[in-house]
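Protein chains in written order, with my numbering: chain A, 3 to 139; chain B, 3 to 139. Backbone N, C-alpha and C define an ideal beta-carbon position, used for all residues, glycine too. Below: the structure, in structure tokens.
Protein chains: 2
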Amino acid sequence: MKNFEVKAIGRVASPLTDLESAPRQADEGGPEAWLVFDEDMLEGLRSIRPGEEVLLVTWLDRASRDVLSVHPRGDPNRARQGVFSTRSPHRPNPIGLHQVEVTATDGCRLRVRSLEALDGTPIIDLKPILVSDVNRR
Amino acid sequence: MKNFEVKAIGRVASPLTDLESAPRQADEGGPEAWLVFDEDMLEGLRSIRPGEEVLLVTWLDRASRDVLSVHPRGDPNRARQGVFSTRSPHRPNPIGLHQVEVTATDGCRLRVRSLEALDGTPIIDLKPILVSDVNRR
């Protein structure tokens, strides 16, 4: 099997509504946002606590999927790079990875600090950060 | 839209062939493996160099997708946790994240050190590790 169905389990609610105003990377700052999960995901979220840093996985549904190389940061003066060496949203599977700090929880909603994803972006997974992720760096 | 089509862009080739022998986390060790990408992904891979640490994103196609809480590490003596607080493969979208070191490149194949994914696991993305990922930890 070559194709699989990924399902949105929630959405980003953010004041960021257009691509032009979105920062390119998390370290360039982003507004606070809510992660609004579907009600049937509550059981999966029950162990998340404020103060935790988590990995948010999104589906960047406004990206182009037929792009295999890009000029880094969209700058035509920089040499083209293969997309797998960049964090460009434009790639065969437009998966976004965002390290965020949970600042509050409210049922199926998680408040996070500084998220660079656009309003309405589908959420497809959430993972803890492992000690080994840090130690191996 | 609630569902999206994720496509396999390659497969893991590894001596790990059954779930019982697979380590639960990368820090518990895994064998060397090849990431075998589809030929039409070559352009996307052209900037990957041996020695780089990268984030491999897989689709854990043998996982259960209707699981929302688990006993950590499968130990029934440990309290159930929501899957989004664990790295269990069993979750609504069975996305695997693996930090790996590329040791060699050969066209559409990348050799990596210590990968805990099973032979045949679909590859869905590959991303560089950003400086900001490290600095924010």
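Partners in chain A for residue i, counting only beta-carbon separations shorter than 8 Å
{"i": "residue 45 of chain B", "result": "70, 71 and 84"}
{"i": "residue 7 of chain B", "result": "5, 6, 7 and 8"}
Beta carbon of residue i nearer than 8 Å to that of residue j
{"i": "residue 125 of chain B", "j": "residue 6 of chain B", "result": "no"}
{"i": "residue 59 of chain B", "j": "residue 127 of chain B", "result": "yes"}
{"i": "residue 91 of chain B", "j": "residue 88 of chain A", "result": "no"}
{"i": "residue 45 of chain B", "j": "residue 71 of chain A", "result": "yes"}
{"i": "residue 121 of chain B", "j": "residue 16 of chain B", "result": "yes"}
{"i": "residue 76 of chain A", "j": "residue 43 of chain A", "result": "no"}
{"i": "residue 52 of chain B", "j": "residue 106 of chain B", "result": "yes"}
{"i": "residue 86 of chain A", "j": "residue 132 of chain B", "result": "no"}
{"i": "residue 14 of chain A", "j": "residue 119 of chain A", "result": "yes"}
Closer than 8 Å to chain A by CB, residue i
{"i": "residue 10 of chain B", "result": "yes"}
{"i": "residue 18 of chain B", "result": "no"}
{"i": "residue 80 of chain B", "result": "no"}
{"i": "residue 21 of chain B", "result": "no"}
Cutoff 8 Å: residue i Cβ touching any chain B Cβ
{"i": "residue 145 of chain A", "result": "No statement about residue 145 of chain A is possible, as the shown extent of chain A runs from 3 to 139 and does not include it."}
{"i": "residue 120 of chain A", "result": "no"}
{"i": "residue 123 of chain A", "result": "no"}
Residue i: contacting residues in chain A (beta-carbon distance under 7 Å)
{"i": "residue 127 of chain B", "result": "93, 95 and 97"}
Contact set between residue i and chain A, taken where Cβ atoms lie within less than 9 Å
{"i": "residue 130 of chain B", "result": "86, 87, 88 and 89"}
* Asked: Is the segment 57-71 of chain B in contact with the segment 83-98 of chain B, if contact means three or more CB pairs nearer than 8 Å?
  -> Yes, since at least three Cβ pairs between the segment 57-71 of chain B and the segment 83-98 of chain B fall closer than 8 Å, the two stretches touch.
* Asked: When the Cβ atoms of the segment 110-120 of chain B are set against those of the segment 36-51 of chain B, are three or more pairs found closer than 8 Å?
  -> At 8 Å Cβ cutoff, the stretches touch.
* **Short-range partners of chain B found in the segment 86-107 of chain A, where Cβ spacing is below 8 Å** => Residues 86, 87, 88, 89, 93, 94, 95, 97, 99 and 101.
* Can you list, in chain order, the residues of the segment 48-63 of chain B whose Cβ is nearer than 9 Å to any Cβ on chain A? -> Of all residues in the segment 48-63 of chain B, 48, 49, 50, 51, 54, 55, 56, 57, 59, 61 and 63 have a Cβ within less than 9 Å of some Cβ in chain A.
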